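Per my numbering, numbering through the sequence shown is continuous, rising by one, with the last residue being 209. Beneath this line is the structure, given in structure tokens, with notes to follow.
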Amino acid sequence: MGCSESTRACLKFTIVFFNIPIIVIGAVSLGIGVWVTVDDNSFFDLTASILDLQVLGQDILRQGALVMIVAGAAMIILAGIGVIGALAMSSCILTFYAVVLILLLVLEVAVIILGIVFKSEWEAKSSMLVLGKLKTQYGYNDSDSRAPFTRTYDALQKKGCRKVIESKLRTYQWVVIGVTIAVLTFQFLIIVLTLSLVVHNVNNKYDMS
């Protein structure tokens with residue numbers, strides 16, 4: 001019984017410890033998203049010496065800020081559910097938490113596999129989409145909907161041709177791959193720990209009955 005209790009306590013605090021960075025990252029994402037949405041000029045001024053964001057344009061960054069707000073809030077809520085479930089030793093909450101994580105993991109893996117399998121197709125469609133937008137949305141007129149695409153495309157042209165941009169993307173692809181693998185592994189580990197705690201909770205109930 002003592003060994004079981006110590007194992008449950010270890011699993012509980014490990015799950016809490018693992019979810020704290022997720023809450024912090026979610027809070028940072030939410031904060032930056034709100035900051036860009038409320039006052040994007042100060043964000044551009046502060047990050048100008050660190051990040052080259054002119055290639056994106058303020059309009060695209062505002063859209064990205066909304067994504068960061070939603071993603072940050074979702075991370076805080078989901079990690080909060082995990083922390084509450086672990087601290088309360090609630091098998092119901094922990095099971096819900098694990099199921100959501102499993103669904104997210106399956107979805108992420110499916111997206112990665114589809115992205116690899118259909119790489120040539122979406123690259124071709126991306127090129128066709130850009131060409132189509134060049135014909136319909138390129139032009140200098142800040143008063144209409146063409147302005148965001150025009151500014152972004154002009155900024156890209158200043159950085160070099162398509163081959164140069166693709167070369168820069170390939171330079172960072174291994175960083176992206178490494179981060180992706182780390183995130184998936186971290187997520188899988190949390191699922192295993194959560195399900196282990198659920199099993200220990202169920203076994204403890206049967207031992208007490």
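Yeah, the Cβ is synthetic: ideal placement off N, Cα and C, and Gly gets one too. Bear in mind the structure is a predicted one, so any value in this text is a computation, not a measurement.
Q.
In whole angstroms, give me the CA-to-CA distance for I190 and V106.
A. 14 Å
Y97, enclosing alpha helix (DSSP H) - first and last residue: 91 to 117
Going by beta-carbon coordinates alone, are I76 and A27 separated by less than 8 Å? yes
Quiz item: Would a C-beta distance cut-off of 8 Å place L11 and L197 closer than the cut-off?
Solution: yes
Problem - Residue from V176, S29, I25, I84 whose Cα sits closest to the Cα of F13 - result: I84
Can you give me the Cβ contacts of L212 inside the same chain, cut-off strictly under 7 Å, excluding the 5 residues immediately before and after it? Lying outside 1 to 209, the shown extent of the chain, residue 212 is not represented and no answer is given.
Q.
Less than 8 Å between the C-beta atoms of A79 and I22, yes or no?
A. yes
Taking the straight line between their C-alpha atoms, what separation do you get for I50 and L104? Legend: pLDDT at I50 = 49, less than 50; position of this residue unreliable, value from coordinates given subsequently. Approximately 32 Å, taken between the alpha carbons.
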